[in-house]
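Novice:
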Amino acid sequence: MANMTKSAAKHGAKRSRAGSAAVFVVLVLSGYLLMTNLRVNRSTAVTSDTAELVEQRVDRVRTLQNDVKELSSQITTLNTITSGTGGSSASSGDDAGSNTILPAVEGPGIAVTLDDSPLWRNSVGDSGSSSTIDYYVIHQEDIEAVVNALWKGGAESMMIQDQRVLFNSAVQCAGNVLVLQGKQYSPPYTISAIGDPQTLSDALDSSPGIQIYKQYVRAYGLGWDVETKDNQRFPQSALMQPLQYAAVPKAEGSKQQ
14 MANMTKSAAK
24 HGAKRSRAGS
34 AAVFVVLVLS
44 GYLLMTNLRV
54 NRSTAVTSDT
64 AELVEQRVDR
74 VRTLQNDVKE
84 LSSQITTLNT
94 ITSGTGGSSA
104 SSGDDAGSNT
114 ILPAVEGPGI
124 AVTLDDSPLW
134 RNSVGDSGSS
144 STIDYYVIHQ
154 EDIEAVVNAL
164 WKGGAESMMI
174 QDQRVLFNSA
184 VQCAGNVLVL
194 QGKQYSPPYT
204 ISAIGDPQTL
214 SDALDSSPGI
224 QIYKQYVRAY
234 GLGWDVETKD
244 NQRFPQSALM
254 QPLQYAAVPK
264 AEGSKQQ
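Quick note: the sequence shown uses this note's numbering, first residue 14, plus one each step.
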């Protein structure tokens with residue numbers, strides 16, 4: 014009987030050890046499976062984030078490439094203008110404001126010539142100067158008055174001396190020397206305009222600035238000549254940007270550009 018008890022105890026001990034070992038193995042396998050699952054999930058998340066990041070970078074590169082193409086096109090256009098090779102193709106456009114070349118135009122109009130007075134020499138003393146010398150010479154505001162009056166009278170196009178009047182043309186005088194687009198001119202100054210001759214002449218007559226100038230013509234002998242032209246031709250001229258914002262001034266005295 015005692016032997017049977019000892020044998021049962023031994024078998025119980027063996028079963029206990031086997032069960033513990035089985036539990037240990039199960040726990041190890043469970044831990045391994047858990048760690049493997051975590052690694053797989055983490056790898057999937059990283060892969061998803063990386064794909065999204067790559068897609069964002071591709072979109073950014075595509076945007077920058079488009080910007081480069083647009084800027085390259087603008088540089089090519091400017092190089093063509095400065096080299097003088099783009100005149101024939103651009104001048105064929107119907108709308109001068111949509112191209113980089115102001116096309117040649119022709120038609121009837123008028124030409125206004127301003128000149129210094131030949132009487133200024135009489136006002137100069139032995140010192141070679143006179144306090145009233147300004148009354149005998151053409152000034153910037155005199156040219157501007159003619160230009161503004163012609164624009165207001167419906168001039169379609171205009172030239173001062175041998176240059177087209179552009180949207181960025183600035184009339185500047187240093188003494189009685191006219192500076193226009195970097196070039197210097199001495200009197201007489203001729204402002205030519207294409208448009209209806211009668212309407213342009215009426216605009217000159219109704220301009221307050223021109224009326225004041227004519228007072229100096231009578232008092233000091235300044236030159237004033239208006240000539241009707243059956244046909245005038247103005248050559249094409251390069252524009253560095255489209256003509257989009259030019260407008261006739263609302264009030265007399267504001268400068269037309």
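Note that beta-carbon positions come from the ideal geometry of N, C-alpha and C, so glycine has one too.
Can you check DSSP and say which residues form a bridge with serine 170?
Specialist: Position 157 of the sequence shown, counting from 1, holds the residue named residue 170. DSSP output for serine 170 lists Ile207 as bridge partner(s).
Novice: Report the rounded CA-to-CA distance for isoleucine 114 versus aspartate 72, giving the unit in angstroms.
Specialist: As a first step, residue 114 must be located in the sequence shown, where it is residue number 101. As a first step, residue 72 must be located in the sequence shown, where it is residue number 59. Roughly 37 Å separates the two Cα atoms.
Novice: Within the same chain, show all residues whose beta-carbon is closer than 7 Å to that of aspartate 155, passing over the 5 residues directly before and after it, in chain order.
Specialist: Taking the sequence shown and counting its residues from 1, the one referred to as residue 155 is at position 142. Excluding residues within five positions, the ones whose Cβ falls inside 7 Å are Leu127 and Tyr226.
Novice: What is the C-beta distance between tyrosine 149 and aspartate 129, in whole angstroms, given that I count them as a contact (C-beta under 8 Å)?
Specialist: Translated into the one-based positions of the sequence shown, residue 149 becomes position 136. Translated into the one-based positions of the sequence shown, residue 129 becomes position 116. Right, the Cβ-Cβ distance comes to about 6 Å (below 8 Å), so this counts as a contact.
Novice: Have a look at valine 74 and phenylalanine 180 and give me their C-alpha separation to the nearest angstrom.
Specialist: Counting from 1 along the sequence shown, the entry for residue 74 is found at position 61. Counting from 1 along the sequence shown, the entry for residue 180 is found at position 167. So the two alpha carbons sit approximately 38 Å from each other.
Novice: To the nearest angstrom, report how far apart lysine 196 and threonine 76 are at their CA atoms.
Specialist: Indexing the sequence shown from 1 puts residue 196 at position 183. Indexing the sequence shown from 1 puts residue 76 at position 63. Rounded to the nearest angstrom, the two C-alpha atoms are 43 Å apart.
Novice: Mind checking whether tyrosine 202 and leucine 217 have CB atoms under 8 Å apart?
Specialist: Taking the first residue of the sequence shown as position 1, residue 202 is located at position 189. Taking the first residue of the sequence shown as position 1, residue 217 is located at position 204. No, the Cβ-Cβ distance between tyrosine 202 and leucine 217 is not below 8 Å.
Novice: In angstroms, rounded to a whole number, what distance separates the CA positions of tryptophan 133 and threonine 89?
Specialist: Translated into positions along the sequence shown, residue 133 becomes position 120. Translated into positions along the sequence shown, residue 89 becomes position 76. Taking the straight line joining both Cα atoms gives about 52 Å.
Novice: Going by the CB atoms, is the gap between serine 205 and glycine 122 shorter than 8 Å?
Specialist: Against the sequence shown, residue 122 aligns to sequence position 109. Against the sequence shown, residue 205 aligns to sequence position 192. It is a contact, given that the beta carbons lie within the stated cut-off.
Novice: Using 10 angstroms around the beta-carbon of alanine 158, count the other beta-carbons present and answer buried if the total reaches 16, otherwise exposed.
Specialist: Taking the first residue of the sequence shown as 1, we reach residue 158 at position 145. Buried, because 16 or more other Cβ atoms sit within 10 Å of the Cβ of alanine 158.
Novice: Taking the C-alpha atoms as reference points, what is the distance between arginine 177 and valine 160?
Specialist: Here residue 177 refers to the residue found at position 164 when the sequence shown is read from its first residue. Here residue 160 refers to the residue found at position 147 when the sequence shown is read from its first residue. Their Cα atoms are separated by approximately 12 Å.
Novice: Quick one: residues in its chain with C-beta nearer than 6 Å to the C-beta of valine 125, no 5 flanking neighbours on either side, listed in chain order?
Specialist: On the sequence shown, residue 125 is found 112 positions in, with the first residue counted as 1. Excluding its 5 nearest sequence neighbours in each direction, valine 125 has C-beta neighbours in its own chain below 6 Å: Val159, Ile204 and Val239, listed in chain order.
Novice: Give me the Cα-Cα distance between proline 271 and leucine 235, rounded to the nearest whole angstrom.
Specialist: A question about residue 271 goes unanswered here, because the residues of the chain that appear run from 14 up to 270.
Novice: Of all the options Lys242, Leu91, Leu84 and Phe247, which has the alpha carbon lying nearest to the alpha carbon of methionine 172?
Specialist: As a working mapping, residue 172 is identified with position 159 in the sequence shown. When each option's Cα is compared against that of methionine 172, the closest is Phe247.
Novice: How is the alpha helix (DSSP H) around glutamine 153 delimited, first residue to last?
Specialist: If you number the sequence shown from 1, residue 153 lands on position 140. Where glutamine 153 is concerned, the enclosing alpha helix (DSSP H) stretches over 153 to 165.
Novice: So what does serine 250 bridge to, in DSSP terms?
Specialist: Counting from 1 along the sequence shown, the entry for residue 250 is found at position 237. Per DSSP, Leu115.
Novice: So is lysine 82 buried or exposed if we call it buried at 16+ other beta carbons inside 10 Å?
Specialist: For this step, residue 82 is matched to residue 69 along the sequence shown. Exposed, since its Cβ has fewer than 16 Cβ neighbours within 10 Å.
Novice: Taking only the alpha-carbon atoms, compute the straight-line gap between histidine 152 and alanine 183 and give it to the nearest angstrom.
Specialist: Reading the sequence shown from its first residue, position 139 is the one you call residue 152. Reading the sequence shown from its first residue, position 170 is the one you call residue 183. Roughly 14 Å separates the two Cα atoms.
Novice: 8 Å is my cut-off, CB to CB: does glutamine 228 come that close to chain C?
Specialist: Protein chains in the displayed structure number just one, and chain C is not present.
Novice: When DSSP labels each residue in this structure, what does glutamine 197 get in the three-state scheme?
Specialist: Looking up residue 197 in the sequence shown gives position 184. The DSSP-derived three-state label of glutamine 197 is strand.
Novice: Roughly how many angstroms lie between the CA atoms of asparagine 79 and glutamate 68, to the nearest whole one?
Specialist: Along the sequence shown, read from residue 1 onward, the residue named residue 79 stands at position 66. Along the sequence shown, read from residue 1 onward, the residue named residue 68 stands at position 55. Roughly 17 Å separates the two Cα atoms.
Novice: How about alanine 168 and glycine 120: are their beta carbons less than 8 Å apart?
Specialist: Translated into the one-based positions of the sequence shown, residue 168 becomes position 155. Translated into the one-based positions of the sequence shown, residue 120 becomes position 107. Taking 8 Å as the Cβ cut-off, alanine 168 and glycine 120 do not qualify as a contacting pair.
Novice: Using three-state DSSP, classify threonine 90 as helix, strand or coil.
Specialist: Taking the sequence shown and counting its residues from 1, the one referred to as residue 90 is at position 77. Helix.
Novice: Could you compute how far the alpha carbon of tyrosine 198 sits from the alpha carbon of arginine 70?
Specialist: Position 185 of the sequence shown, counted from the start, is the residue given in the question as residue 198. Position 57 of the sequence shown, counted from the start, is the residue given in the question as residue 70. Their Cα atoms are separated by approximately 58 Å.
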